[in-house]
Structure formats: C-alpha cells, structure tokens
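Novice: In the numbering used here, the protein residues as written are 50 to 173. The beta carbon of each residue, even a glycine, is placed where N, CA and C say it ideally should be. Note that this is a predicted model, so its numbers are computed, not measured.
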Amino acid sequence: ALELIDSRIRDWRITIADTIADNASSAGYVIGEGRDLRELDLKAIDARLTGDGELLAEGRSDAVLGDPAVSVAWLARTVARFGVPLRKGHVVLPGSCTRAVDVTPGATFTAEFTALGSVSLSFI
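(1) Report whether the distance from the Cβ of T99 to the nearest heavy atom of the ligand COA is below 7 Å.
(2) Report the three-state DSSP secondary structure of T153 (helix, strand or coil).
(3) Checking the sheet assignment: what are the DSSP bridge partners for S171?
(4) Using the C-alpha atoms, what's the distance from F172 back to P117?
(5) When the distance is taken between beta carbons, is D67 closer than 8 Å to I58?
(6) Within 10 angstroms of the Cβ of A164, are there 16 or more other Cβ atoms? Answer buried if so, exposed if not.
(7) Just confirm the distance between the C-beta atoms of E107 and A96, as a whole number of angstroms; I'd bet it's less than 8 Å.
(8) Could you tell me which whole beta strand (DSSP E) segments of length 3 or greater appear in the segment 92-163?
(9) Any idea if V121 is buried or exposed, counting beta-carbon neighbours within 10 angstroms, 16 or more meaning buried?
(10) Report the partner residues of G166 according to the DSSP bridge assignment.
(11) Can you name the residues that DSSP bridges to L86?
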C-alpha cells in the first residue's frame with residue numbers, strides 16, 4: 050500500500066493532540082491486489098519506495114512493531130473493547146516501514162514489496 054498523509058501541522062511539529070485533531074493526518078491510500086498472507090513471513094518483507102524512478106526510501110516490515118501482525122492484533126483488541134470488531138474485508142494499514150516523502154505535481158511514486166508486488170500512484 051501507499052498511504053497518503055496530509056497534515057495541517059506546519060513543519061511536522063506534531064503532538065498527540067495535533068494527531069488526533071488532524072485525523073491522524075490520513076488523506077487516503079492506494080492498495081495493490083489482495084494476497085493470502087499466511088504463506089509469507091510478515092517480518093521479512095523488504096520495501097522500496099521510488100519517485101520517478103529514483104530510490105527515495107527503503108525499509109523492512111519488521112520496522113512495524115517487530116511484526117506488522119502485532120500492530121493489527123493490537124488494533125483488533127483495542128477497538129473490540131469499544132464493540133467495534135475487525136471483519137474480513139476491512140482494510141487495515143499496520144504502519145509504515147519507510148519514511149514519508151513529499152509529493153510534487155507530476156510525480157509518480159512506486160512502492161515495491163518482496164513477495165507482494167508493487168503499487169504506483171501519480172499526481173497531476
């Protein structure tokens with residue numbers, strides 16, 4: 050997935066109160082095709098983010114709490130306490146394994162994930 054963040058907080062000097070007021074800076078996402086994740090080692094997925102073919106960031110899925118499944122499990126337990134179950138088909142973004150980058154008009158970004166494939170987004 051590519052997550053789009055759009056904060057109203059200048060220079061990213063953001064506090065937890067700002068994050069809540071800014072709806073966690075969430076603006077949207079782009080996801081690739083679904084995949085049965087039971088076949089994968091979710092802690093060992095390498096990620097590469099490119100912008101117009103230039104490498105911008107690299108990361109690995111274990112940067113997300115050591116295992117992205119841990120992040121999703123925490124979310125499921127937390128929202129269940131409020132009577133909100135996670136259900137099959139819900140989209141859950143467990144966290145980023147690369148840094149955020151700024152976008153510019155006309156740019157195309159691609160995220161490539163080992164064993165998962167890639168997803169791209171262009172800004173006009």
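Specialist: To lay it out plainly:
(1) Looking for the ligand COA in the displayed structure turns up nothing, as the structure carries no ligands at all.
(2) coil
(3) T157
(4) 28 Å
(5) yes
(6) Answer is exposed; the Cβ neighbour count stays below 16.
(7) With a Cβ gap of about 7 Å, E107 and A96 count as contacting.
(8) Listed in chain order, the complete beta strand (DSSP E) runs (minimum 3 residues) inside the segment 92-163 are 95-100, 103-109, 157-162.
(9) Counting Cβ neighbours within 10 Å, V121 comes out buried, since at least 16 surround it.
(10) F162
(11) DSSP lists no partner for L86.
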